[in-house]
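Each residue of the sequence shown is one higher than the last, beginning at 217 in the working numbering. Backbone N, C-alpha and C define an ideal beta-carbon position, used for all residues, glycine too.
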Amino acid sequence: MTGAREQDRRGGCCGSVANYLSSAKFLLYVGHFLSTWGDRMWHFAVSVFLVELYGNSLLLTAVYGLVVAGSVLVLGAIIGDWVDKNARLKVAQTSLVVQNVSVILCGIILMMVFLHKDELLSMYHGWVLTSCYILIITIANIANLASTATAITIQRDWIVVVAGEDRSRLADMNATVRRIDQLTNILAPMAVGQIMTFGSAVIGCGFISGWNLVSMCVEYFLLWKVYQKTPALAVKATLKVEEAELKQLNLHKETEPKPLESTHLMGDKDLAVRAPEPEPEPSCAGQLAEPLRTFRDGWVAYARQPVFLAGLGLAFLYMTVLGFDCITTGYAYTQGLSGSVLSLLMGASAVTGILGTVAFTGLRRRCGLVRTGLISGCAQLSCLVLCVVSVFMPGSPLDLTVSPFQDIRSRFIQAEPLPAVPTGAPGPLFPTARPAANGSVTTLAAPEVEPGLSAESVLSVSLLFAGVIAARIGLWSFDLTVTQLLQENVIESERGIINGVQNSMNYLLDLLHFIMVILAPNPEAFGLLVLISVSFVAMGHAMYFRFAQKTLGNQLFACGPVEKEAPGENQASTSVV
Numbered sequence: 217m218t219g220a221r222e223q224d225r226r227g228g229c230c231g232s233v234a235n236y237l238s239s240a241k242f243l244l245y246v247g248h249f250l251s252t253w254g255d256r257m258w259h260f261a262v263s264v265f266l267v268e269l270y271g272n273s274l275l276l277t278a279v280y281g282l283v284v285a286g287s288v289l290v291l292g293a294i295i296g297d298w299v300d301k302n303a304r305l306k307v308a309q310t311s312l313v314v315q316n317v318s319v320i321l322c323g324i325i326l327m328m329v330f331l332h333k334d335e336l337l338s339m340y341h342g343w344v345l346t347s348c349y350i351l352i353i354t355i356a357n358i359a360n361l362a363s364t365a366t367a368i369t370i371q372r373d374w375i376v377v378v379a380g381e382d383r384s385r386l387a388d389m390n391a392t393v394r395r396i397d398q399l400t401n402i403l404a405p406m407a408v409g410q411i412m413t414f415g416s417a418v419i420g421c422g423f424i425s426g427w428n429l430v431s432m433c434v435e436y437f438l439l440w441k442v443y444q445k446t447p448a449l450a451v452k453a454t455l456k457v458e459e460a461e462l463k464q465l466n467l468h469k470e471t472e473p474k475p476l477e478s479t480h481l482m483g484d485k486d487l488a489v490r491a492p493e494p495e496p497e498p499s500c501a502g503q504l505a506e507p508l509r510t511f512r513d514g515w516v517a518y519a520r521q522p523v524f525l526a527g528l529g530l531a532f533l534y535m536t537v538l539g540f541d542c543i544t545t546g547y548a549y550t551q552g553l554s555g556s557v558l559s560l561l562m563g564a565s566a567v568t569g570i571l572g573t574v575a576f577t578g579l580r581r582r583c584g585l586v587r588t589g590l591i592s593g594c595a596q597l598s599c600l601v602l603c604v605v606s607v608f609m610p611g612s613p614l615d616l617t618v619s620p621f622q623d624i625r626s627r628f629i630q631a632e633p634l635p636a637v638p639t640g641a642p643g644p645l646f647p648t649a650r651p652a653a654n655g656s657v658t659t660l661a662a663p664e665v666e667p668g669l670s671a672e673s674v675l676s677v678s679l680l681f682a683g684v685i686a687a688r689i690g691l692w693s694f695d696l697t698v699t700q701l702l703q704e705n706v707i708e709s710e711r712g713i714i715n716g717v718q719n720s721m722n723y724l725l726d727l728l729h730f731i732m733v734i735l736a737p738n739p740e741a742f743g744l745l746v747l748i749s750v751s752f753v754a755m756g757h758a759m760y761f762r763f764a765q766k767t768l769g770n771q772l773f774a775c776g777p778v779e780k781e782a783p784g785e786n787q788a789s790t791s792v793v
């Protein structure tokens, strides 16, 4: 009897595992892992490839970063509108194919350029090679735009539908997706960095192209399986409205009185009812103005959202140099930190980022979603106080007497060799729609590296990185809070365009941070950039505090998870399908 019960228990356990592994939720995680892994490898590699192609100058990489940020800024609303107006499966599969095919093409072109660079340089006074650079940046930008569409449709729409009406399940899924992001953000660049180090740039290009080809096929199949297992994905609010309008129009046509056949034969000119005239096609000017109207309508709709202040607060966190991108890495090198130490620090930042996702799920369950954002913001700001203190500690290179604009022209022209970078350490060189901007290249010439970390710099650098690493707990918890607020409070028919504008806002602030560091690239000015960054983070959390105050009113500091619905949540009840 006991043996039979044990067998039933094991069978039930195995059945539960099998059901989970075949569930839509798990398949969505696997697809997101493959997509994010390929994204992180490509974002890291393309910047390194462009640096190597242009003689160890960061000019091409800087141009690429500006093009990417500017494109998402301008086209974010239009991409989101396209996501809203088309069927979910079509949007997901189209953006997936465009993204991966663009990366594959880019990888092939890069391979050809690396193999035949000297020949291309000698053709037509180097214009053929310049055209290749332009083509690479253009195709890479298309891949990034398609990646933006994929992120909007999967992370902002499909997850909401798969989670159903269970908000706790939605919070857990959001946290799991962020943990996948954190792990791939560290491991993927390390993997491709090893291949490029022990192989070559050509082998790296070939590996990334092959990975994206295989990954595209697997992800395409996984999307189809998730779509099959979640019937609610086939129903979309925008399409339902269009179908209802079409039915009403057909019903109206059927109920219209029809002229008698004899009337047609007699050629009666005084017909009471005339055949409906076809609607005139929009003019060329009207078609050209349509994207501009979509852009305008998207930003107006975003500004009218009840969670506008929360989204704007999140965007302000992108205006910072306090992230593990090449800005912080470059500064660390000027202070004498070794590559091995930087790798350990980046690993620690990934761990604290994952802890932030764990803290989010626990805080949301105990304190409610809106209060979780307040607590996360306070935690982040408290940790960033260490960064502010580090600016004024002994060993800090802060020197406001040095002009930040000194020799700026020569920095753009100069092409000095870059210092050796630890494999996989710097992370992506340009932004990937993350709260701590993952990557603006900001120094246009390599800094002079000291032979080792001086005793005076130890305290200042230690406090700086301690603050950056600890602040990521609050940062990622806050990011998840705003993400779920947008998911719950934006109506289904506007989910794409609102999240597209949110991405544009993020890139706008990241672009400003990019320009800020270009204007003040000296290590002596880094402390000033730290103070400006902390100020913008504080302003972002002040905006969120105002949103929370309007949402919760007198219950803002009440204990327990019970809180009022965020404004507009009743209108958006269909968004949590």
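How many whole angstroms separate the CB atoms of residue i and residue j, which I take to be in contact at a CB cut-off of 8 Å?
i	j	result
CYS213	ALA359	Residue 213 cannot be examined here, being either before or after the span of the chain that is shown, 217 to 793.
VAL677	THR544	Actually they do not touch by this definition, with Cβ atoms about 11 Å apart.
THR510	ALA682	Incorrect: roughly 45 Å between the Cβ atoms, too far for contact.
THR310	VAL377	With 8 Å as the limit, THR310 and VAL377 do not qualify as a contact, their Cβ atoms being about 18 Å apart.
ALA566	TYR760	ALA566 to TYR760, Cβ: 25 Å. No contact.
VAL733	LEU745	6 Å
VAL430	ASN357	With a Cβ gap of about 24 Å, VAL430 and ASN357 do not count as contacting.
ARG688	THR568	4 Å
THR400	THR550	At roughly 29 Å, the Cβ-Cβ gap does not stay under 8 Å, so THR400 and THR550 are not in contact.
VAL523	LEU768	Contact doesn't hold; Cβ gap of about 13 Å is too wide.
VAL557	LEU679	About 15 Å; that fails the 8 Å criterion.
ILE570	GLN315	Going by Cβ atoms, the distance from ILE570 to GLN315 rounds to 26 Å, so no, they are not a contact pair.
Sorted by chain position, which residues of the same chain lie with C-beta nearer than 6 Å to residue i's C-beta, five sequence neighbours on each side aside?
i	result
LEU614	VAL607, GLY743
MET257	ALA404, VAL408, ILE424
TYR518	ILE714, VAL717
LEU561	PHE681
Residues in its own chain within less than 8 Å of residue i by CB, not counting five upstream and five downstream?
i	result
ALA758	GLY529
VAL393	TYR245, HIS248, GLN371, ILE375
TYR280	VAL262, SER263, LEU266, ILE353, ALA356, ASN357, PHE646
GLU287	As written in the sequence, residue 287 is Ser, which differs from the Glu given in the question. Hits under 8 Å: ASN357, ASN360, LEU361.
Closer than 7 Å by C-beta to residue i: which residues in its own chain qualify, once you throw out the five before and the five after it? Chain order, please.
i	result
ASP580	Checking the displayed sequence, the identity of residue 580 turns out to be Arg instead of Asp. Around ARG580: ALA387, THR588.
ILE324	SER425
LEU725	ALA531, PHE532, TYR534, MET535
LEU438	LEU243, VAL246, GLY247
GLU710	ASP300, ALA517
LYS241	VAL378, MET389
For a test of the three-state rule: what should DSSP assign to residue i, helix, strand or coil?
i	result
TYR270	coil
GLU666	Reliability of the predicted coordinates at GLU666 is poor, the pLDDT of 42 falling under 50, and the value obtained from them is presented with this limitation in mind. In the structure shown, GLU666 sits in coil (DSSP, three-state: anything other than H, G, I, E or B).
ARG520	coil
ILE707	coil
THR536	coil
LEU530	helix
VAL451	coil
PHE742	helix
PHE608	coil
THR446	coil
ASN302	coil
SER384	helix
LEU579	helix
Less than 8 Å between the beta carbons of residue i and residue j, yes or no?
i	j	result
ASP373	GLY712	yes
GLN521	ILE714	yes
GLN596	LEU691	yes
PHE576	SER693	yes
GLY254	TRP427	yes
MET327	GLY415	no
ARG304	LYS452	yes
PRO739	TYR547	yes
LEU590	ALA391	no
SER749	VAL537	yes
ILE320	LEU361	no
LEU331	VAL418	yes
GLY563	ILE411	no
LEU336	LEU345	yes
LEU237	VAL434	no
SER598	THR697	no
LEU289	SER720	yes
GLU708	ARG383	no
LEU269	VAL329	yes
ALA450	THR369	no
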